[in-house]
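Residue numbers (the working numbering): 210 to 393.
C-beta: ideal position from N, C-alpha, C; glycine also.
Bear in mind that the values here come from a model prediction, so they are computed numbers and not experimental data.
Data block below; observations after.
If you want it as structure tokens, here you go:
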């Protein structure tokens with residue numbers, strides 16, 4: 210294998226392992242926040258993400274879309290926000306603001322939600338990524354988490370196993386050549 214290709218493989222492996230490490234770290238952080246803090250969507254550095262679970266925001270947001278959320282100091286009527294309602298998250302549009310009281314409604318819903326305090330609002334939706342939420346939801350499950358760890362191990366170990374195999378094959382070729390030369 211050329212040195213250039215080897216370097217590209219190493220860099221690619223480092224990038225993939227970094228990505229997997231990031232996913233594992235985010236999963237552990239989120240799990241810890243949910244289990245011990247009752248926070249369904251932690252917002253490190255004022256950013257978070259959530260997965261759309263219902264069609265209440267159709268056509269703007271669909272089931273399994275991933276929504277990027279940014280915490281704001283102020284909100285306006287018309288903003289699509291995420292708020293925590295007990296142990297679940299709701300992604301709806303603000304239809305009315307009155308001091309610390311916010312009233313929201315899903316775009317596809319006929320009735321407004323119960324009023325909430327502004328402190329329940331996690332942040333404003335700044336972007337939606339179609340269909341990625343299904344993958345994010347799966348990666349947050351125990352099976353998804355285990356698959357991420359297995360993938361990390363395979364990505365880390367597989368290149369070394371292949372290199373050892375190549376080195377052993379090269380050794381065998383050299384040994385065979387030595388035997389052939391001794392017989393001459």
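Residue 307 classed as buried or exposed, judged by whether at least 16 other C-beta atoms fall within 10 angstroms: exposed
Distance CB(residue 421)-CB(residue 273) smaller than 7 Å: Nothing in the structure corresponds to residue 421, since the chain is present only between 210 and 393.
Helix, strand or coil for residue 388, going by three-state DSSP, please let me know. helix
In whole angstroms, what is the alpha-carbon distance linking residue 323 and residue 305? 11 Å
Secondary structure at residue 350, three-state DSSP: helix, strand or coil? coil
Is residue 380 closer than 7 Å to residue 335 when the C-beta atoms are compared? no
Just checking my contact of residue 311 with residue 303 at CB under 8 Å: how many whole Å lie between their CB atoms? 6 Å
Under 7 Å, do residue 275 and residue 300 count as touching if we go by C-beta distance? no
Would the region 366-375 count as touching the region 345-352 if we require 3 or more Cβ pairs under 8 Å? no
Three-state secondary structure (DSSP) of residue 363: helix
Figure out for me which residue from 294, 277, 255 has the closest Cα to the Cα of residue 342. 277
May I have the straight-line CA-CA distance separating residue 227 from residue 373, to the nearest angstrom? 24 Å
Cβ-Cβ separation, residue 327 to residue 309 (assumed contact under 8 Å), whole Å: 5 Å
Beta strand (DSSP E) runs contained entirely in the region 300-324, provided each spans 3 or more residues: 310-314
Residue 255: which of 282, 386, 393 sits nearest, CA to CA? 282
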